[in-house]
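In this note's numbering, the protein residues as written are 178 to 534.
Built from N, CA and C at the ideal position, the CB exists for glycine as well.
Note that this is a predicted model, so its numbers are computed, not measured.
Worksheet: one structure, shown below.
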């Protein structure tokens, strides 16, 4: 069964009613209809007019809520929006049932083309990092800078802790797991995901944990939840096997946008050893390593990631301004070919927990 096969989803008239998705203080939700997909978009009003646009793309099993803490930190720097990818968060499944990396990238591109907000500061985590890499490679006109938090790029030797997530890609495994875990409470599920995704689960506040439990309860009522998870996992695994110009590492080398890479030293899903490879692959990159962070550094250490982004952008803007001044025309940022800048940081806090990887 491939990720392009059309899944069975009951007609809308028989879909169960579920509780509304949570909207944090200062956030807004809207629905955007595009060709073959409907996307839910979470946003925060910018602190002032004229801020550059930003778009945030979540990981496997996550949603736009995974970016709430970082969006709040950066509301004075960018005009931010976060997508729920098709089949995740509050977005319904795509009409064609396609959950491949290419399909998710196409959804992001369609949204950016329709909104006219590009080029944007594009952020991606995990699966969303792979999707954002593809978007930046094939549509450089839409991406001003690229920030990748633990991007799910191909690894030859996968960590043992990441194997269960990868097994979701196998036909039938999602159904087996659903039956095996049918008596698990939403609280038990969230504790398991938190232990997998956080370097220190203790950083999650009681309020954030409760919000995640409520979101898990809501998602488990959706008849397409496990199908979207399994097909997206399969789409990611399939992308790992592609060669030639469609290979993700080859596309990383084609990215022109200045790239900030963020890796956690305690990441159980994306190997920390991949950080240096990524820094070499992205031609104009800076590498931020967070030794105590797990897979979702933007949720564990939002202040630190926000500060790194500000420093990164200020440096690139300075380079661009000098290029414009010296040439008398339009400047383009450049950086050390195949080499990244490396730093370490700690600090920040977490007000919400991940409900996916």
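- In the DSSP assignment, residue 298 forms a beta bridge with 231, 322.
- Contact annotation: residue 479 and residue 212 have beta-carbon atoms that are not nearer than 8 Å.
- For secondary structure counted as the beta strand (DSSP E) over 3 or more consecutive residues, the stretch 404 to 485 holds these complete runs in sequence order: 436 to 441, 461 to 467.
- Cβ atoms of residue 451 and residue 237 stay farther apart than 8 Å, at about 17 Å.
- For residue 201, the closest of 374, 221, 290, 216 by C-alpha to C-alpha distance is 221.
- Distance from the CA of residue 299 to the CA of residue 427, rounded to the nearest whole angstrom, comes to 19 Å.
- Annotated three-state conformation of residue 392 is helix, per DSSP.
- For residue 289, the CB contacts under 6 Å within the same chain, skipping 5 residues up- and downstream, are 295, 319 in chain order.
- In the structure shown, residue 261 falls within a strand segment according to DSSP collapsed to helix, strand and coil.
- Boundaries for residue 287: no beta strand (DSSP E) harbours it, while the alpha helix (DSSP H) harbouring it runs 278 to 292, taken from the DSSP string.
- Going by beta carbons, residue 402 and residue 437 fall outside the 8 Å limit.
- Within the DSSP bridge table, the entry for residue 210 names 215 as partners.
- In this structure residue 416 is in contact with residue 278, their Cβ atoms being roughly 4 Å apart against a cut-off of 8 Å.
- For residue 255, there is no enclosing alpha helix (DSSP H), as DSSP marks it with neither H nor E.
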